[in-house]
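Below is one structure, written out as structure tokens; comments come after it.
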Amino acid sequence: MKIITLILLLASNFVLAQQKQHFDMVRYTIPNGWQQSTKPKTVSISKEDKQGNYCIITIYKSVESGSDSRQNFDVSWESLVQKTLATDKAVMQPAGTDNGWTSETGSAPFEKDGLKGAVILITNTSADKMVNIVILTNTQLYQKEMENFLNDLSFSKPETNTSQLKNNTTAKKESITNQTQNVEIWMNVKISAASGSLKAYYPYGTLKPSFYVVYPNGDYYPHFPPEGMLQFNNENKNESWGKFTLTGNKGRFQSKYENIAVEKISATEMKKTGYSAGFYKCVPVDGLRLNGQWGSFAGWDKDPVSGKASGINGTGVRAVIEFTKEGNFTDYGAFVTNLLMPNQVPQNAPGKGTYHFENFTLVLRYNDGRIAYKSFTGAGNKNPAAFNKLIYIGNQPFYSK
1 MKIITLILLL
11 ASNFVLAQQK
21 QHFDMVRYTI
31 PNGWQQSTKP
41 KTVSISKEDK
51 QGNYCIITIY
61 KSVESGSDSR
71 QNFDVSWESL
81 VQKTLATDKA
91 VMQPAGTDNG
101 WTSETGSAPF
111 EKDGLKGAVI
121 LITNTSADKM
131 VNIVILTNTQ
141 LYQKEMENFL
151 NDLSFSKPET
161 NTSQLKNNTT
171 AKKESITNQT
181 QNVEIWMNVK
191 ISAASGSLKA
201 YYPYGTLKPS
211 FYVVYPNGDY
221 YPHFPPEGML
231 QFNNENKNES
241 WGKFTLTGNK
251 GRFQSKYENI
261 AVEKISATEM
271 KKTGYSAGFY
281 KCVPVDGLRL
291 NGQWGSFAGW
301 DKDPVSGKAS
311 GINGTGVRAV
321 IEFTKEGNFT
331 DYGAFVTNLL
341 MPNQVPQNAP
351 GKGTYHFENF
361 TLVLRYNDGR
371 IAYKSFTGAG
381 NKNPAAFNKL
391 IYIGNQPFYS
401 K
């Protein structure tokens, strides 16, 4: 157990029996032949062979958190992954939802102390609670066992203070009313400095958009919920919320963390004072129909895996989704974390079904009974009905051929 001890400092309390286990808010089953180590704040299961192939899955005890699932992931990635393994930024997958929990998944390769492998972080958020799962592996040998383990995971719902609910009935009703109001989605385009090998391609930086949800009363949220607006709950506003004001053509986004002055150029564009890029109002997408294929990275159609119908290793799995004007879709693996493990997160597995757009939300109804909600916009103030070479699904860019 040299590798496991080195990376996670595991204890020697191992349980080999395959049975349902309970740790904090998580229920799981230990795969046959895997070892378990339990500490007060973590439980780890692992497998390693004599050739040095290993897979380690660590579940962290739930902690109090904000309700912003992506923000929770970013904080967890920095504290649990980057500080330990010195990785780059995570390659993100669109968020998934299940039984009131929102899961954000990201991954990256790592190399430390002579060890190489991949690290995957799954951050699960529900009702101001967060549960993190970190996976370290250097092999595909244990792929099926890992998939089965993750598929079997279940989370209990955080307890709700019923007396507080009764006292806040009026506030809740007002909040629900606010949620039904027509909101505007604005794309805030930022120019970020390129790093590493990207500097050769983007010497002046890369365009990096973020999305702001703006309510009619001026309340704004500087993040676009990855599951879209249909399921967005603005009941518990955290510190990142702010107020947008507009006097004449001069406006301002102001919160505890930012103060952005803008000038309104048109009904769909606001220029940021002192910057070349600005805010662009996204076009509503209710009733939209698309026709074609979109991939999760630029140039995917020329990629040896995603650009071919055979996909990875002849499985047909690739980072592509196809829409038809009749309202059908085929998800070839557009939302999976690892194409070699398409069923690792069941909610993101490939499949077929029907789709529709409503309130900046793409609703995917899979033939196997799943329903997935993804945020959706076109590129800035471009109408995706006419210009859809670039669209955003789950806040991630998707490119047509």
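The working numbering numbers the first residue of the sequence shown as 1 and each following residue consecutively. Built from N, CA and C at the ideal position, the CB exists for glycine as well.
Beta-carbon proximity list for residue i, same chain, < 6 Å, skipping 5 on both sides
i    : result
H356 : V363
A298 : Y399
N381 : T268, Y280, K281
P109 : A118
K41  : K61
K401 : D301
T29  : K20, D152
L141 : N53
Top-ranked residue by Cα proximity to residue i, from the options
i    : options                : result
L230 : V213, A298, V134       : V213
Y257 : G251, N249, E239       : E239
W34  : V26, T58, K112         : T58
L246 : M270, N234, P225, E227 : M270
T137 : P346, L115, H22        : L115
F73  : N132, L85, D219        : N132
G295 : N32, I393, Y221        : I393
F224 : N259, G242, I185       : I185
P216 : N313, S65, N182, K190  : N182
I135 : F155, K47, S62         : K47
Y54  : F244, N383, Q143       : Q143
G218 : S154, W241, N233       : W241
R289 : W300, Y373, F387, R370 : F387
F149 : K129, F244, G52, M341  : M341
V345 : G66, T139, D152, L80   : D152
Boundaries of the alpha helix (DSSP H) in which residue i is found, first to last residue
i    : result
M25  : Premise fails: M25 is in no alpha helix (DSSP H) and is neither H nor E.
R70  : 69 to 76
K144 : 143 to 152
Beta-carbon proximity of residue i to residue j, cut-off 9 Å
i    : j    : result
K325 : N348 : no
E227 : S375 : yes
G96  : F360 : no
R365 : T354 : yes
K264 : K250 : yes
R27  : Q36  : no
I120 : T337 : yes
T102 : S126 : yes
V189 : P209 : yes
T123 : E104 : yes
P384 : V320 : no
M92  : A379 : no
Residue-level contact to chain C via CB, residue i, 9 Å cutoff
i    : result
Q231 : Of the protein chains in this structure there is only one, and it is not chain C.
Sequence-distant residues of the same chain with beta carbon closer than 8 Å to residue i, five excluded per side
i    : result
G311 : V305, V317, R318, Y332, G333, L339
N328 : K352, G353, T354, Y355
Neighbourhood of residue i by C-beta distance below 7 Å, restricted to the same chain and skipping five residues each side
i    : result
A86  : K112
P397 : L390
F323 : L290, N291, G292, F329, Y355
A90  : W77, G106, S107, A108, L121
G100 : S126, K157
Identity of the residues DSSP links to residue i by a beta bridge
i    : result
I59  : V43, I133
G351 : D331
V189 : P209
Q36  : I45
K272 : V262
Extent of the continuous beta strand (DSSP E) to which residue i belongs
i    : result
D331 : 328 to 331
D113 : Looking at the DSSP string, D113 is not in any beta strand (DSSP E), and its letter there is neither H nor E.
A372 : 371 to 377
W294 : 292 to 295
R402 : Because the chain in this structure spans residues 1 to 401, residue 402 falls outside the shown range and cannot be described.
K281 : 278 to 281
T245 : 242 to 247
I312 : Segment: none, I312 is in no beta strand (DSSP E) and carries neither H nor E.
E227 : Careful: E227 lies outside any beta strand (DSSP E) and carries neither H nor E.
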